[in-house]
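In our numbering, the protein residues as written are 68 to 152. Beta carbons are placed, not taken as given, at the ideal position from N, Cα and C, and that holds for glycine.
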C-alpha cells in the first residue's frame, strides 16, 4: 500500500474467501475486525497494522504465507493459532 488504509467502522470479513494475496500492511483498524472463518488462499500481510481493539480470527484459515511484522502480541497469537493447512 502506498498510504495507510484506515477502517473507521467495524470490519467483517467473517466467512469471506480471498483467492489472491491480501495486503493489510500499515492498515489502521479503529474497531474490532472480525476475520472469523475467513479463508486467505494467497499470501497475507499484516505488517505494521494497527489494531485498536482485539481482532477475532476464530476459524480463519491461512493456506498461504502470513507476514505479521510489528503487530500487537495478542493479535499475532490469534493469527498463529488460526488454521494453517
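- A residue is called buried when at least 16 other Cβ atoms come within 10 angstroms of its Cβ; residue 71 does not meet this threshold and is exposed.
- A residue is called buried once 16 or more other Cβ atoms fall within 10 Å of its Cβ, and residue 94 is buried on that count.
- Per DSSP, the beta-bridge partners of residue 133 are 111.
- Pairing residue 136 with residue 79, the inter-Cα distance amounts to about 22 Å.
- With 16 or more neighbouring CB atoms inside 10 Å of its own CB, residue 112 falls in the buried class.
- In the structure shown, the three-state DSSP call for residue 89 is strand.
- Residue 121 has its alpha-carbon roughly 7 Å from the corresponding atom of residue 142.
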